[in-house]
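Asker: Here it is: the structure, laid out below.
Numbering (the working numbering), first residue to last: 2 to 149.
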């Protein structure tokens with residue numbers, strides 16, 4: 002196996018076809034924790050980016066695998082890295098309305114709710130556009146008591 006031979010993928014210049022990017026993305030999409038742990042143990046791929054500037058943490062959020070999100074954060078994934086549009090992992094999580102647990106996990110781990118992307122939008126400003134989601138966030142994440 003290439004990893005056992007000491008092959009280092011982190012110096013690859015073509016991010017989209019980067020072998021580590023493809024392997025990590027596949028492990029995340031299939032929810033293969035043991036494979037992801039092996040890849041992370043044998044490489045420095047925790048914050049490797051694809052062609053859009055997205056890291057494994059973004060892919061775990063897209064795949065809606067909370068266990069992968071926690072694993073990546075436990076292993077030191079940078080919670081504030083931005084993609085080429087300036088979006089953070091928390092911004093991606095806010096687009097997934099019904100998956101409040103992912104938003105809560107990121108906030109509990111210190112994600113900046115006021116971080117701005119290139120359009121000067123923040124996770125909080127994104128949430129404000131969706132009244133039902135904002136209501137759920139206030140109720141479930143912030144513990145606020147809301148009038149019915």
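Yeah, the Cβ is synthetic: ideal placement off N, Cα and C, and Gly gets one too.
What you are looking at is a predicted structure, and each value in this text was computed from that prediction instead of being measured.
Report the residue from 59, 46, 69 whose alpha carbon sits nearest the alpha carbon of residue 82.
Answerer: If we check each option's Cα against that of residue 82, 59 comes out closest.
Asker: Report the CB separation of residue 73 from residue 94 in whole angstroms; it is logged as a contact under 8 Å.
Answerer: Contact doesn't hold; Cβ gap of about 13 Å is too wide.
Asker: Where do the ends of the alpha helix (DSSP H) carrying residue 93 lie?
Answerer: It spans 90 to 95 - the alpha helix (DSSP H) in which residue 93 sits, taken as one unbroken run.
Asker: With distance defined between alpha-carbon atoms, name the residue in 114, 120, 39, 51 nearest to residue 23.
Answerer: The shortest C-alpha separation from residue 23 is found at 51.
Asker: Quick one: is residue 121 buried, meaning 16 or more other Cβ sit within 10 Å of its Cβ, or exposed?
Answerer: Exposed, by the Cβ-count rule.
Asker: If the criterion is Cβ atoms closer than 8 Å, does the pair residue 35 and residue 67 meet it?
Answerer: Cβ distance not < 8 Å, so residue 35 and residue 67 don't count as in contact.
Asker: As a quick exercise: from 49, 40, 78, pick the residue whose alpha carbon is nearest that of residue 111.
Answerer: It is 78.
Asker: Which of the three DSSP states, helix, strand or coil, is assigned to residue 65?
Answerer: In the structure shown, residue 65 sits in coil (DSSP, three-state: anything other than H, G, I, E or B).
Asker: Using three-state DSSP, classify residue 114 as helix, strand or coil.
Answerer: In this structure, residue 114 counts as coil in the three-state DSSP scheme.
Asker: Checking 8 Å against the spacing of the C-beta atoms, do residue 92 and residue 127 come in under that value?
Answerer: Yes, the pair counts as a contact, with Cβ atoms nearer than the cut-off.
Asker: Using only the alpha-carbon positions, how far apart do residue 105 and residue 114 sit?
Answerer: C-alpha separation (whole angstroms): 11 Å.
Asker: Can you name, in chain order, every residue of its own chain whose Cβ lies under 7 Å from the Cβ of residue 62, other than the five neighbours on each side?
Answerer: Result list for residue 62: 70, 90, 93, 94, 103, in chain order.
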